Each structure stands twice: as C-alpha cells, then as structure tokens.
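Colleague: Numbering (my numbering), first residue to last: 3 to 383. Glycine included, each C-beta is placed from N, C-alpha and C at the ideal position. Given the structure is predicted, the values throughout are model-derived calculations rather than measurements. Once you've had a glance at the structure underneath, I'll fire off some questions.
Shown next as structure tokens:
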C-alpha cells in the first residue's frame, strides 16, 4: 500500500511537472501549447478569436454549428513541430498547417510558434481551419481566394486586427494577359494548385470585396447561405456560382472583372506612374500615386524618398527629412539620401546638420558626391 501511494504521487508529479502541455480556452478555440506556458496559449487564442470575428463578419456562420472548439496545437520547438506534422501528413509544412480529418474532433491547426514562416503561414491556415469547420468541402476558389485575401489581416501588438492590402498576386494575374480565364471559369473551377490558380482565386475574392459594386457583394453573401456541410466541393461550387450569376449575369460580371483588374496597379506600375508625374511637374498626381504605392509596400524605401522630394520642393523641410530618414531606414542608398538630407537641411537654415549629412554622403560615395558636397559645404561656411 505504501508503494502504491508513492507511485501515485510520482504520476501526479509527472502530470504537473515541466513539459506538460499548457491549455488555453477561448470562445471558439482550444489552444494546446507543448512545453509552453498558458500565457503563450492565451495570446494565440486571443489572436485567433480576433481573426474568427473578422471572417464571420463576412460569412456569418452560426457558432452554434460548432460541436467543439477549434483545436490548435502549438510547438515552440521546430524539431518537435516537424516531427508531429510529418507523422500526420508524411511531410512537414513551414510555419503552420491545418490538418483536416473526417472526424471533426481530430481536425487541428498546428503552429510552429516563433518560426520565421509563422507570420506568413498562420493567417492563411487559420482561415482554412475556420472555413472547413463549417463547410468541409467549400468551392476551391473561395477557400484559396479568401485565405490569401484574409492573410492581409495582421494582429497588432495592441491586440487589434489591422488590414493591409496585399496585392502581391496582382502581377501574376496581369502577366496572364489574354490567357486569363473569365470570372465564371474561376468560380466554377473544380481543380487548381498552380500559382496562377492561387492568384486568380485571390483576384476573384478581391473583386467581390473591393470593386465597390454592392450588388456583387450581396450576391456573394447570398451564395454563402447555400454552402452545405454535407455537400461535395462540386455541389457547393455549382450552387454558389449559380447564385452569384443569377442577377447580374455571367457576361456582365466577367467584363466588370476584367475592367477592375485593368484598373488595379502593381507597385512597380505605381512607381513608374508617380515618377512620370514627378518628372512632368505634376506634384499633386505624383504625391497621390506615391501614397498609393506606400499603402501597398509600406516597407519599401522608394515611395518615402520621392515623397521626401515632393515635400522639399513644397518647402516642408521637416516633413521631407522624416520621409528621407524613413527611406534610409528601409534600405535606400545611403549616399543618395544623405545628400538629399544635407540639401534639405541647408534649405531649412540648419547649416551644421547640413554639413554633417553632406560629409556622410561624401564618405559613402566620394566619386559621386564629394565634389558636390564640398562645394555646398564651402558655401554654407
């Protein structure tokens, strides 16, 4: 009997000792963190609940249909994550992966927390888990397109969902040119898998969300009501496509889709348009276009640099300096920006700062800037 109690006590220590998975519960999720803390699970559950709310503002599925909370497995160690995923899929997936089973209670989102690929994979896979929890076999374009569309939702440090449009797939669609299929073909497609297919699916989802046509958005929302959790993907695809085209007609919507695509511009196209406007002495247009480019690529130096030039020419020297410094922070040529900062500071009457910046430009690229910098420095003195 004494040995029995010793064994029982030992088992309890194992159960509550280091390495025991920590669990965090939320309204729609159960998060299990291997070798982690409950606090880590709470943070993940909070993010996923915010994403769930954002998804459901569009799809409006009833939470009552969920028999169990959505299961999430979190690994803080890459080797453990790879081992777990490989054991279930026969291969590993970077960052995060949703594993779907016929048995609802086995379905799970698996996350490699803290990995380099998590921030890219998690938003995509989290939407897949959400959609297939309600509709195991959704239309392929809807699953892929909205997974990419909602990947632009970022969870801020303040705990808020922030949408930053990500048209990275636009170039792929535009590159197809006349080979791009009409919208109807995308919405009725029964297979995919290529990068072009992913881009086309994103374009279809973005068209409904961003075209500004209320009738099209309403048709999309009405099609969600026809999705069935017992239907095949082909059945769900046919029913939703028929509903979407019921009021506007496929031909009209196909044409509007092409017009919408033509109106969308890639980052490179926006930069070229802004540079033309700047060279053509049209500062208002240039500023508007560079801000649009900045919205697409907030981490790219080029829009900041040109906005700095525009602010300088408008005698807004403090604003120009902020833009120049941002461009340098995001990787602009150090000598180029230092020279621009020097000229800007000189125009603002800050001679000492101007000299410092000009010396930095001369040191960074003497063959290009030393003579010009020395000349301007001598005049400032």
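What is the C-beta distance between residue 249 and residue 203, in whole angstroms, given that I count them as a contact (C-beta under 8 Å)?
Modeller: Counted from its first residue, the chain shown places residue 249 at position 247. Counted from its first residue, the chain shown places residue 203 at position 201. Not confirmed; about 22 Å, so no contact.
Colleague: Less than 6 Å between C-beta atoms, sequence neighbours within five positions excluded: which residues of the same chain meet that for residue 158?
Modeller: Counted from its first residue, the chain shown places residue 158 at position 156. These residues qualify, in order along the chain: 164.
Colleague: Take residue 1 as the anchor and find which of 381, 347, 350, 342 has the nearest alpha-carbon.
Modeller: Lying before the first or after the last residue shown, residue 1 is absent from the chain, which here runs from 3 to 383.
Colleague: Quick check on residue 257: buried or exposed, where buried means 16 or more other Cβ atoms within 10 Å of its Cβ?
Modeller: On the chain shown, residue 257 is found 255 positions in, with the first residue counted as 1. The residue in question, residue 257, is exposed, as its Cβ has fewer than 16 Cβ neighbours within 10 Å.
Colleague: Using only CA atoms, which one of 352, 59, 241 lies nearest to residue 211?
Modeller: Here the question's residue 211 lines up with position 209 in the chain shown. When each option's Cα is compared against that of residue 211, the closest is 59.
Colleague: Would you call residue 234 buried or exposed, if buried means 16 or more other Cβ atoms sit within 10 Å of its Cβ?
Modeller: By 1-based counting over the chain shown, the position of residue 234 is 232. Looking at its Cβ environment, which holds fewer than 16 other Cβ atoms inside 10 Å, residue 234 is exposed.
Colleague: Are there 16 or more other CB atoms within 10 angstroms of the CB of residue 384, so buried, or fewer, so exposed?
Modeller: Outside the displayed span of the chain (3 to 383) sits residue 384, for which this structure offers no information.
Colleague: Could you name the residues of the same chain whose beta carbon sits closer than 8 Å to that of residue 301, not counting the 5 residues immediately before and after it, in chain order?
Modeller: Looking up residue 301 in the chain shown gives position 299. Counting only Cβ-Cβ distances below 8 Å, and skipping sequence neighbours, we find 332.
Colleague: Under 9 Å between the Cβ atoms of residue 106 and residue 70?
Modeller: One-based indexing of the chain shown puts residue 106 at position 104. One-based indexing of the chain shown puts residue 70 at position 68. Taking 9 Å as the Cβ cut-off, residue 106 and residue 70 qualify as a contacting pair.
Colleague: Take residue 351 as the anchor and find which of 72, 182, 382 has the nearest alpha-carbon.
Modeller: For the purposes of this step, residue 351 is taken as the residue at position 349 of the chain shown. It is 382.
Colleague: Following the continuous alpha helix (DSSP H) through residue 341, name the residue where it begins and the one where it ends.
Modeller: Residue 341 sits at position 339 when you count from the first residue of the chain shown. Note, residue 341: alpha helix (DSSP H), 336-349.
Colleague: May I ask you to report which of helix, strand or coil DSSP gives residue 36?
Modeller: Within the chain shown, numbered from 1, the residue matching residue 36 stands at position 34. Three-state result, residue 36: strand.
Colleague: Taking the beta carbon of residue 75 as the centre, do at least 16 other beta carbons fall within 10 Å, making it buried, or is it exposed?
Modeller: Within the chain shown, numbered from 1, the residue matching residue 75 stands at position 73. Its Cβ being crowded by 16 or more others within 10 Å, residue 75 is buried.
Colleague: Is DSSP giving residue 70 helix, strand or coil here?
Modeller: Locating residue 70 in the chain shown gives position 68, where the first residue counts as 1. DSSP places residue 70 in coil when its eight states are reduced to three.
Colleague: Quick check on residue 111: does DSSP put it in helix, strand or coil?
Modeller: Translated into the one-based positions of the chain shown, residue 111 becomes position 109. Three-state result, residue 111: strand.
Colleague: The ligand MG and residue 44: does the residue's C-beta get closer than 8 Å to at least one heavy atom of that ligand?
Modeller: Ligands displayed in this structure: none; no statement on the ligand MG is therefore possible.
Colleague: Taking one C-beta from the stretch 148-156 and one from the stretch 126-138 each time, how about it: are there three or more such pairs within less than 8 Å?
Modeller: Output reads yes: the stretch 126-138 touches the stretch 148-156.
Colleague: Ordered along the chain, which non-local residues of its own chain (more than five positions away) have a Cβ less than 7 Å from that of residue 273?
Modeller: By 1-based counting over the chain shown, the position of residue 273 is 271. So the qualifying residues of the chain are 295, 304.
Colleague: To the nearest whole angstrom, what separates the beta carbons of residue 384 and residue 124, a pair I think is in contact under 8 Å?
Modeller: There is simply no residue 384 to check, as the chain begins at 3 and stops at 383 in what is shown.
Colleague: My understanding is that residue 175 touches residue 91, with C-beta atoms under 8 Å, so please give their C-beta distance in whole angstroms.
Modeller: For the purposes of this step, residue 175 is taken as the residue at position 173 of the chain shown. For the purposes of this step, residue 91 is taken as the residue at position 89 of the chain shown. That belief does not hold up - the Cβ atoms of residue 175 and residue 91 are roughly 30 Å apart, past 8 Å.
Colleague: Expressed to the nearest angstrom, what Euclidean distance is found between the alpha-carbon atoms of residue 376 and residue 326?
Modeller: On the chain shown, position 374 is the one that residue 376 refers to. On the chain shown, position 324 is the one that residue 326 refers to. Going by the C-alpha atoms only, they are around 21 Å apart.
Colleague: Measuring only the C-alpha atoms, how far is residue 230 from residue 238?
Modeller: Reading the chain shown from its first residue, position 228 is the one you call residue 230. Reading the chain shown from its first residue, position 236 is the one you call residue 238. Residue 230 and residue 238: Cα-Cα distance of roughly 7 Å.
Colleague: Taking just the CA atoms, how far does residue 299 sit from residue 216?
Modeller: For this step, residue 216 is matched to residue 214 along the chain shown. For this step, residue 299 is matched to residue 297 along the chain shown. If you take the alpha carbons of residue 216 and residue 299, they lie about 28 Å apart.
Colleague: May I ask which residues mark the beginning and end of the alpha helix (DSSP H) holding residue 155?
Modeller: Sequence index remark: in the chain shown, residue 155 carries index 153 (1-based). First-last for residue 155: 155-157, but that is the beta strand (DSSP E), not the alpha helix (DSSP H).
Colleague: With distances taken from CA atoms, which of 339, 64, 321 is nearest residue 329?
Modeller: Here residue 329 refers to the residue found at position 327 of the chain shown. Comparing Cα positions, the closest option is 339.
Colleague: Give every residue of the same chain whose Cβ lies closer than 7 Å to the Cβ of residue 337, excluding the five residues on either side of it in the sequence, and list them in chain order.
Modeller: In the chain shown, counting from the first residue as 1, residue 337 sits at position 335. Cβ neighbours of residue 337 beyond the five flanking positions: 363, 366, 367, 370, 371.
Colleague: Beta-carbon within less than 8 Å of residue 40's beta-carbon, same chain only, minus the 5 sequence neighbours each way: which residues are those?
Modeller: Along the chain shown, read from residue 1 onward, the residue named residue 40 stands at position 38. Answer for residue 40: 24, 25, 26, listed in chain order.
Colleague: From the DSSP secondary-structure annotation, give me the bridge partner or partners of residue 77.
Modeller: What you label residue 77 is simply residue 75 of the chain shown in a count that begins at 1. DSSP output for residue 77 lists 36, 114 as bridge partner(s).
Colleague: On the DSSP bridge list, what partners appear for residue 165?
Modeller: Locating residue 165 in the chain shown gives position 163, where the first residue counts as 1. In DSSP, residue 165 forms a bridge with 155.
Colleague: For the alpha helix (DSSP H) that residue 386 lies in, which residues bound it at each end?
Modeller: Absent from the model: residue 386. The displayed extent of the chain is 3 to 383, so no value can be given.
Colleague: Report the rounded CA-to-CA distance for residue 171 versus residue 320, giving the unit in angstroms.
Modeller: Counted from its first residue, the chain shown places residue 171 at position 169. Counted from its first residue, the chain shown places residue 320 at position 318. Roughly 36 Å between the two C-alpha positions.
Colleague: Out of curiosity, what's the CA-to-CA distance linking residue 358 and residue 280?
Modeller: In the chain shown, the residue the question calls residue 358 occupies position 356. In the chain shown, the residue the question calls residue 280 occupies position 278. Taking the straight line joining both Cα atoms gives about 28 Å.
Colleague: Taking residue 45 as the reference, give the member of 36, 37, 28 with the closest Cα.
Modeller: Position 43 of the chain shown holds residue 45. Ranking 36, 37, 28 by Cα distance to residue 45 puts 28 first.
Colleague: When you compare each of 139, 51, 33, 242 to residue 114 by their alpha carbons, which one comes out closest?
Modeller: Your numbering for residue 114 matches position 112 in the chain shown. Ranking 139, 51, 33, 242 by Cα distance to residue 114 puts 33 first.
Colleague: Going by the beta-carbon positions, is the gap between residue 178 and residue 206 smaller than 9 Å?
Modeller: As a first step, residue 178 must be located in the chain shown, where it is residue number 176. As a first step, residue 206 must be located in the chain shown, where it is residue number 204. In this structure, residue 206 does not lie closer than 9 Å to residue 178 by Cβ.
Colleague: Bridge partners of residue 31, per DSSP?
Modeller: Translated into the one-based positions of the chain shown, residue 31 becomes position 29. Beta-bridge pairing links residue 31 to 72.
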